[in-house]
Amino acid sequence: MSPDIPVQHPLIEETITFVKGQLATAEGGHDWWHIHRVWTNARLIAREEQVDMLVVELAALLHDIADSKFHDGDEEIGPRTAQNWLESQDVDQHIIDHVVMIIRHISFKGGHNEGAFHSPELAVVQDADRLDALGAIGIARAFNYGGHKGRGLYDPAIPPNLRMSKEEYKHSTAPTINHFYEKLLLLKDRMNTRTGRRMAEERHRFMEAYLEQFYREWDGNETGSVDH
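Taking my numbering, the leading residue of the sequence shown gets 4, the next gets one more, and so forth.
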């Protein structure tokens, strides 16, 4: 954990231990270290926001406790697992309800999970989660997951689909490079907080530079410009 942001609430310590155990064998892009980065960035972003820090921290730690991608598309297993854990710790019901609502509404899902629920705490945790899909870490996670699913790197004959339904997004088998256009490059303009937007800008530029270099190397044109 980050040395400059100490853990102070015993429930947070217990939740960290629980999450580490639950995700001990998780895919590398959705493991404890993903949770750790989201939690750390959520705490950073929250410094400039008026939020309930306990809700922010619990939601950040539990937001991917059981990702539907790894549980046959079951979108309730994550909220249910989080709720069961928090109830076992005798957490106040209003906190449990808020954390569960954040977990239900945090994901991108092809841009089809917007508008159903809002809170300042969701805004913070969502930005922290989206930041981990951007920049160098975001690139690494995208290709790690693509490899996990057996997807190709890139196929010029398969263009990105920017009009996917939620179900099409969930079941897409397109090459990983398509995911940059279908999600990752869209996130910068969907950030909720000032700090999140500032951090996203830098990571977005890094991804754009990466894609330019990728196409140069793909085309064997490292000394010229590319147009994709």
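Glycine residues also receive a C-beta, built at the ideal position from the N, C-alpha and C atoms.
On a predicted model such as this, the values are computed, not experimentally measured, just so you know.
Relative to the alpha-carbon of residue i, which residue among the options has its alpha-carbon at the smallest distance?
{"i": "G32", "options": "N195, A119, E16 and A139", "result": "A139"}
{"i": "E16", "options": "Y172, E60, E170 and H182", "result": "E60"}
{"i": "R206", "options": "S110, W88 and K191", "result": "K191"}
{"i": "A212", "options": "N195, R193 and L188", "result": "L188"}
{"i": "W35", "options": "A63, S91 and Q53", "result": "A63"}
{"i": "N181", "options": "E215, L165, E170 and H12", "result": "L165"}
{"i": "D136", "options": "A29, I38, T18 and K23", "result": "Position check: residue 136 holds Ala in this sequence, whereas Asp was assumed. With distances taken between Cα atoms, A136 lies closest to I38."}
{"i": "P13", "options": "I161, L156 and Q92", "result": "Q92"}
{"i": "D222", "options": "D100, V94, R133 and Y157", "result": "Y157"}
{"i": "Y172", "options": "H101, H108 and K186", "result": "K186"}
{"i": "I161", "options": "K152, E170 and T176", "result": "T176"}
Let me confirm a value: residue i is counted as buried when at least 16 other C-beta atoms fall within 10 Å, else exposed. Which label applies?
{"i": "G113", "result": "With a pLDDT of only 46 at G113, under 50, the local geometry of the prediction cannot be trusted, and the value read off the model is given with reservation. Under this definition G113 is a buried residue."}
{"i": "F120", "result": "exposed"}
{"i": "S168", "result": "exposed"}
{"i": "Q96", "result": "exposed"}
{"i": "Q129", "result": "buried"}
{"i": "F21", "result": "buried"}
{"i": "G141", "result": "buried"}
{"i": "H174", "result": "exposed"}
Between residue i and residue j, how many whole angstroms is the CB-CB distance? I'm expecting something under 8 angstroms.
{"i": "L65", "j": "I98", "result": "That pair is no contact at about 12 angstroms."}
> At which residue ranges does the segment 116-159 contain complete alpha helix (DSSP H) runs of 4 or more residues, listed in the order of the chain?
Replying inline: 123-134 and 138-151
> Is it a yes or a no for the segment 195-204 touching the segment 42-49, going by three-plus beta-carbon pairs under 8 angstroms?
Replying inline: Judged by Cβ distances under 8 angstroms, the segment 195-204 makes contact with the segment 42-49, as three or more pairs qualify.
>> In chain order, what are the residue ranges of uninterrupted beta strand (DSSP E) at least 3 long that sit wholly in the segment 24-49?
In response: Listed in chain order, nothing qualifies, since the segment 24-49 has no complete beta strand (DSSP E) run of 3 or more residues.
> Would you call the segment 118-125 and the segment 143-156 touching, i.e. three or more CB-CB distances under 8 angstroms?
Replying inline: no
> Taking one C-beta from the segment 33-44 and one from the segment 81-90 each time, how about it: are there three or more such pairs within less than 8 angstroms?
Replying inline: no
> What residue ranges within the segment 52-105 form continuous beta strand (DSSP E) runs of no fewer than 3 residues, ordered along the chain?
Replying inline: none
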